[in-house]
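First comes the structure, then the notes that go with it.
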Amino acid sequence: MKQAKRNNPLTRLAARLQLTLEDRSQAQQLPDAKLIRRCCQAALQADVQQAQVSILLVGSEEGRSLNHTYRGKDYATNVLSFALNEGENIADLPLFGDLVLCTEVVEKEAAEQGIDLMAHYAHLLVHGMLHLQGYDHEDDEEAEIMETLETVILAKLGYPDPYLEEKR
Numbered sequence: 002m003k004q005a006k007r008n009n010p011l012t013r014l015a016a017r018l019q020l021t022l023e024d025r026s027q028a029q030q031l032p033d034a035k036l037i038r039r040c041c042q043a044a045l046q047a048d049v050q051q052a053q054v055s056i057l058l059v060g061s062e063e064g065r066s067l068n069h070t071y072r073g074k075d076y077a078t079n080v081l082s083f084a085l086n087e088g089e090n091i092a093d094l095p096l097f098g099d100l101v102l103c104t105e106v107v108e109k110e111a112a113e114q115g116i117d118l119m120a121h122y123a124h125l126l127v128h129g130m131l132h133l134q135g136y137d138h139e140d141d142e143e144a145e146i147m148e149t150l151e152t153v154i155l156a157k158l159g160y161p162d163p164y165l166e167e168k169r
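Converting from the sequence shown to the numbering used here requires adding 1 to each position, the first position being numbered 1.
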């Protein structure tokens with residue numbers, strides 16, 4: 002019986018990703034651990050054999066401080082990604098990184114855009130995971146690649162295209 006479990010694709014996928022979650026926010030509505038895991042697993046690219054990711058949920062004051070300290074921007078942002086190896090596969094080492102989601106910003110954006118809060122969390126988790134793997138959106142070409150990948154991953158998870166309004 003153990004042999005069958007080990008060969009189960011879902012078991013292998015779960016073994017590829019070690020997640021830790023810490024909530025330091027005051028948010029009332031948060032994605033549950035199952036949604037977080039599904040989104041992060043879906044965003045793992047095939048060449049990533051193993052990943053260890055910490056997810057931190059913070060309020061706007063801490064989000065602002067982190068954004069200021071690490072990016073020189075004096076405001077809270079929706080998601081920050083900190084990759085230990087900047088998205089590069091290094092000698093079979095796991096992908097290591099941290100994602101920081103500012104719950105107040107996520108809630109505000111979802112309300113302003115009229116989108117489901119959990120769909121927005123799903124988008125930002127996928128977005129952050131792609132950043133950990135080296136994807137970026139600094140120029141139009143990079144943005145197109147990353148946004149297309151996000152849209153495909155989110156569709157597989159059952160969420161709408163987060164960039165639909167921008168494409169019109």
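We treat Cβ as the ideally placed atom computed from N, Cα and C, and that holds for glycine.
Annotation for glutamate 110: Asn79, His121 place their beta carbon closer than 7 Å to its own, counting only its chain and skipping 5 residues before and after.
Separation of the CB atoms of proline 95 and glutamine 53 is rounded to 5 Å, and the pair is thereby assigned contact status at 8 Å.
Note that the C-beta distance between leucine 67 and arginine 25 is not below 8 Å.
Residue environment analysis places valine 153 among the exposed positions, since fewer than 16 neighbouring C-beta atoms fall within 10 angstroms of its C-beta.
Counting only the Cα atoms, aspartate 117 lies some 15 Å from alanine 28. By DSSP's assignment, threonine 21 forms a beta bridge with Ser55. In the three-state scheme derived from DSSP, where H, G and I count as helix and E and B as strand, alanine 47 is classed as coil.
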